[in-house]
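Written below as structure tokens is the structure these notes are about.
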Amino acid sequence: MRYKGDIKNLDKIVVSDPHYMPDVWCRYERNFEKMDNWKVIFLIKEVDEIQEYEGTEFNVKGLDFSILIKRENSISNLLDIGKYVHAKGVTMNDTEIGINTAQVCIGVNEKAIEINNFAKRINNNMNIDSLFSEYNPPFAIQTMSDGILGTVTEGTKNGFYSYKWFL
């Protein structure tokens with residue numbers, strides 16, 4: 295399934311485990327100065343495959359996705375899960391996204407702020423009761439695994455952001 299949309303004013307993006315504070319190395323956060331007119335392409339596919347781990351086969355079912363957020367005039371496109379094209383001369387910068395709670399959050403503007411506020415509240419009040427009661431925030435995507443989830447790639451050309459490709 296392929297979805298398209300628009301972001302009129304892009305102020306902030308966060309891609310993170312919801313419990314990670316901004317200083318964690320495997321978390322992506324960027325603030326912008328009112329960057330207008332971004333296009334969003336969201337590709338999602340169902341996964342139903344057999345994986346082998348240490349001699350045992352597992353049936354893996356779930357969803358795989360990629361997101362491309364690009365400037366309106368950017369020459370870039372999302373071809374498939376994990377595959378995109380971009381113009382020549384684009385400098386790419388990657389940030390690995392790690393997770394430790396089998397959850398990831400992707401937030402733009404107000405949702406990015408909500409993710410940050412949740413992480414601050416959880417980390418400032420680290421008693422076990424509040425941790426368990428707020429462990430699964432409603433804006434988190436359940437991943438069913440920990441470790442490196444994927445990569446956020448920023449593309450810049452002549453010092454200006456051209457696109458962002460997620461996971």
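For the sequence shown, the numbering used here assigns the number 295 to the initial residue and increments by one for each residue that follows.
Each residue gets a CB set at the ideal place from its N, CA and C atoms; glycine is no exception.
Separation of residue j from residue i, as counted between CA atoms
| i | j | result |
| --- | --- | --- |
| residue 415 | residue 454 | 34 Å |
| residue 325 | residue 317 | 14 Å |
| residue 350 | residue 344 | 10 Å |
| residue 328 | residue 352 | 46 Å |
| residue 438 | residue 448 | 26 Å |
| residue 419 | residue 348 | 39 Å |
| residue 452 | residue 372 | 22 Å |
Nearest-angstrom beta carbon gap, residue j and residue i [assumed within contact, 8 Å]
| i | j | result |
| --- | --- | --- |
| residue 378 | residue 370 | 6 Å |
| residue 334 | residue 357 | Wrong, their Cβ atoms sit about 17 Å apart, outside the cutoff. |
| residue 300 | residue 403 | Not quite, the Cβ-Cβ distance comes to about 13 Å (not below 8 Å), so this is no contact. |
| residue 498 | residue 443 | Shown here, the chain extends from 295 to 461; a query on residue 498 therefore has no answer. |
| residue 364 | residue 332 | 7 Å |
| residue 467 | residue 313 | Within the shown structure, residues of the chain are numbered from 295 to 461, placing residue 467 beyond reach of any answer. |
Neighbourhood of residue i by C-beta, 6 Å cutoff - its chain only, sequence neighbours within 5 removed
| i | result |
| --- | --- |
| residue 445 | 388 and 390 |
| residue 298 | 335 |
| residue 323 | 308 and 316 |
| residue 392 | 320 and 442 |
Residue span of the beta strand (DSSP E) that contains residue i, given as start and end
| i | result |
| --- | --- |
| residue 301 | 296-310 |
| residue 360 | 350-365 |
| residue 370 | 370-374 |
| residue 324 | 322-347 |
| residue 449 | 441-451 |
| residue 378 | 377-380 |
Residues of its chain near residue i, where Cβ-Cβ distance is below 8 Å and the 5 sequence neighbours each way are ignored
| i | result |
| --- | --- |
| residue 436 | 396, 397 and 430 |
| residue 359 | 336, 337, 338, 339, 375 and 461 |
| residue 394 | 311, 313, 314 and 440 |
Neighbourhood of residue i by C-beta, 7 Å cutoff - its chain only, sequence neighbours within 5 removed
| i | result |
| --- | --- |
| residue 408 | 401 and 433 |
| residue 355 | 341 and 342 |
Practice task
Identify every run of the beta strand (DSSP E) within the region 383-418, keeping only runs that are complete inside it and at least 3 residues long; order them along the chain.
Solution key: Those beta strand (DSSP E) runs which fall completely within the region 383-418 and span 3+ residues are 385-393 and 397-402.
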